[in-house]
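Novice: Just so we're aligned, residue 0 is where the sequence shown starts under numbering that gives the first Met the number 0, counting upward by one.
For every residue, glycine included, the Cβ atom is placed at its ideal position computed from N, Cα and C.
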Amino acid sequence: MTRKSIAIPPLTDELACVLIDAETIDRRVAELAQQINHDYANIKEPLILVGVLKGSFIFLADLCRKLTVPHVVDFISVSSYGKTTNTSGNVRLLMDTRENQENHHVLIVEDILDSGYTLDYLDRNFKTRGTKSVKNCVLLDKPDRHVVPVEISYLGFDVPDVWVVGYGLDVGEKYRTLPYIAEYKHEEA
């Protein structure tokens with residue numbers, strides 16, 4: 000079998016390089032789904048996948064299409080950044096879930112773990128809702144940026160401490176739909 004080449008659109012002046020190509024992402028998402036399928040194979044009620052908007056939506060869509068365990072999809076929106084590129088540490092709930100999580104297993108699906116404030120907040124929040132368990136599935140982790148210790152249940156990739164875009168992640172709503180993860184040439188204001 001010959002290896003096919005991967006077509007990557009030309010980078011703009013704002014993107015430094017591709018960190019993770021689409022094929023590598025797809026393979027890793029399939030591996031994560033396989034782990035989740037194994038771990039939740041014997042649950043009686045549907046697993047509730049909670050996507051953290053907006054960044055997780057592409058990752059969540061690809062992940063849930065690869066799951067074989069019964070599941071439902073829900074969303075939550077929180078913010079710890081406001082209109083800046085630096086976290087304030089104060090997490091605000093912008094939109095809550097609609098599904099009742101009581102007596103269900105919940106899997107929080109997050110695009111990136113940076114400071115840890117958001118995932119820590121969500122973990123504590125969902126544990127107060129009478130859930131059977133709360134775990135998380137994080138596409139990207141920046142271990143050097145952690146301020147709050149958070150245990151990752153399922154991890155896609157570690158990435159360096161650079162601004163990343165693509166596959167759901169954005170900067171000012173740009174580059175969110177790129178099929179790969181790229182480094183954005185970020186300059187501090």
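#1: Using only the alpha-carbon positions, how far apart do Thr-96 and Asn-102 sit?
#2: For the candidate residues Leu-121, Val-161, Gly-115, Asp-110, whose alpha-carbon lies nearest to that of Phe-56?
#3: So Val-149 packs on Asp-119, CB below 8 Å; how close in whole Å?
#4: Identify, in the order they occur along the chain, each residue of the same chain with its Cβ nearer than 8 Å to the Cβ of Gly-88, setting aside the five sequence neighbours on each side.
#5: Could you say if the segment 65-74 and the segment 38-53 meet the contact criterion of at least three C-beta pairs nearer than 8 Å?
#6: Can you tell me whether DSSP reads Ser-4 as helix, strand or coil?
#7: Report buried or exposed for Ala-29, applying the criterion of at least 16 other Cβ atoms within 10 angstroms of its Cβ.
#8: From Ser-152 to Leu-168, what distance separates their C-alpha atoms?
#9: Determine the DSSP secondary structure at Glu-150, reduced to helix, strand or coil.
Specialist: Reading off the structure:
#1: Walking along the sequence shown from the start, residue 96 turns up at place 97. Walking along the sequence shown from the start, residue 102 turns up at place 103. Cα to Cα, Thr-96 sits roughly 15 Å from Asn-102.
#2: As a working mapping, residue 56 is identified with position 57 in the sequence shown. Ranking the options by Cα distance to Phe-56, first place goes to Asp-110.
#3: Position 150 of the sequence shown holds residue 149. Position 120 of the sequence shown holds residue 119. Contact between Val-149 and Asp-119 is confirmed by a C-beta separation of about 5 Å, below the 8 Å threshold.
#4: Stepping through the sequence shown from its first residue, residue 88 is reached at position 89. Within the same chain, Gly-88 has close Cβ partners Ser-79, Ser-114, Tyr-116, Val-146.
#5: Touching, per the Cβ criterion.
#6: Here residue 4 refers to the residue found at position 5 when the sequence shown is read from its first residue. Confidence in Ser-4 is poor, its pLDDT being 44 and thus under 50, which makes the residue's placement unreliable; the coordinate value appears in the next sentence. Ser-4 carries a coil assignment under DSSP once its states are collapsed to helix, strand and coil.
#7: As a position in the sequence shown, residue 29 is number 30, starting the count at 1. Flag for Ala-29 reads exposed.
#8: On the sequence shown, position 153 is the one that residue 152 refers to. On the sequence shown, position 169 is the one that residue 168 refers to. Here the C-alpha atom of Ser-152 lies approximately 21 Å from the C-alpha atom of Leu-168.
#9: Here residue 150 refers to the residue found at position 151 when the sequence shown is read from its first residue. Coil.
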